[in-house]
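Engineer: Okay, handing you the structure first.
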Amino acid sequence: TEQFYKRCLRSPEGAAGLAYMRGRGLTDTTIDAFGIGFSPATGNELVAKARSGGIAIERLVELGLVRVDASDRAYDFFRGRVMFPVRDFKGRTVGFGARNLSGDPPKYVNTPETALFHKGRVIYALDFALEHVRRSGHLILVEGYTDVMAAHQVGLRTVVAVLGTATTEDHTGLIRKSGAR
82 TEQFYKRCLR SPEGAAGLAY MRGRGLTDTT IDAFGIGFSP ATGNELVAKA RSGGIAIERL
142 VELGLVRVDA SDRAYDFFRG RVMFPVRDFK GRTVGFGARN LSGDPPKYVN TPETALFHKG
202 RVIYALDFAL EHVRRSGHLI LVEGYTDVMA AHQVGLRTVV AVLGTATTED HTGLIRKSGA
262 R
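For the working numbering, count along the sequence shown from 1 and bump the result up by 81.
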């Protein structure tokens, strides 16, 4: 799914998302390094792609990427949003944060809590920062995805963020494990 969203960002429908990211001062190199994508506004592109690729819709439902309505129709959970892959400290994508460009609330939503994704147990970009944190012994915690990306873009490699939640005991444990003092 991360590859699907990345392709959509570079499509005509993703132009607004790409313009948003560039407007935040982020280069294409940074956008690509962080795997930024776009979810089409139609609400059925991921479902259609999954069906054509033989991917079980039930699996996408389990992952929080697809929902099923009362009429048993599957639809994309994320629609018309810039997609930020959220990875665990080993670099495995476990969920997404998604920025709405329409101005309608909510501005950001995350993948719903699933067997793989618990926003209180993940630190954004810790996979990128880990080596640098271990070498320097420090970690800088900021508010948002693009703040992290902008910091990394200018060489501040120990910057990470929590996902729109208060810092939890799990976050504290990850910070300790990272080597930050």
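We treat Cβ as the ideally placed atom computed from N, Cα and C, and that holds for glycine.
(1) How would you write the range of the beta strand (DSSP E) that Asp157 sits in, first residue to last?
(2) With C-beta atoms as the reference, is Val229 less than 8 Å away from Ala247?
(3) In or out: Ala151 buried (at least 16 other Cβ within 10 Å) or exposed?
(4) In chain order, what residues of the same chain lie with their CB nearer than 8 Å to the CB of Ser183, ignoring the 5 residues before and after it?
(5) I'd like to know if the stretch 102-113 and the stretch 130-143 are in contact, where contact means that at least 3 CB-CB pairs between them fall below 8 Å.
(6) DSSP three-state label for Leu211, please.
(7) Alpha carbon to alpha carbon, what distance is there between Asp208 and Phe158?
(8) Anyone know if the C-beta pair for Phe115 and Met164 falls short of 8 Å?
(9) Just to confirm, are Val241 and Leu220 a CB contact at a threshold of 8 Å?
(10) With which residues is Met176 paired in a DSSP beta bridge?
(11) Which residues does DSSP pair with Ala151 in a beta bridge?
(12) Excluding the 5 residues preceding and the 5 following Thr227 in the sequence, name in chain order all residues of the same chain whose CB lies nearer than 8 Å to its CB.
(13) Between the C-alpha atoms of Asn191 and Arg216, what's the straight-line distance to the nearest angstrom?
(14) Are there 16 or more other CB atoms within 10 angstroms of the CB of Ser92, so buried, or fewer, so exposed?
(15) Can you list the alpha helix (DSSP H) stretches of 4 or more residues lying completely in the stretch 192-251, in chain order?
(16) Roughly how many whole angstroms lie between the Cα atoms of Leu211 and Asp251?
(17) Quick check on the DSSP output: what are the complete alpha helix (DSSP H) runs of length 4 or more inside the stretch 102-132, in order along the chain?
(18) Could you have a look at Arg88 and say whether DSSP puts it in helix, strand or coil?
(19) Under the rule that 16 or more other beta-carbon atoms within 10 Å means buried, what is Val128, buried or exposed?
Structural biologist: Walking through what the data contain:
(1) 155-157
(2) no
(3) exposed
(4) Gly161
(5) no
(6) helix
(7) 26 Å
(8) no
(9) yes
(10) A small fix is needed here, since residue 176 is Gly in this sequence, not Met. According to DSSP, which records beta bridges pairwise, Gly176 is partnered with Val167.
(11) Ala151 pairs with nothing; no bridge assigned.
(12) Met102, Arg105, Leu107
(13) 31 Å
(14) exposed
(15) 207-217, 226-234
(16) 16 Å
(17) 109-114
(18) helix
(19) buried
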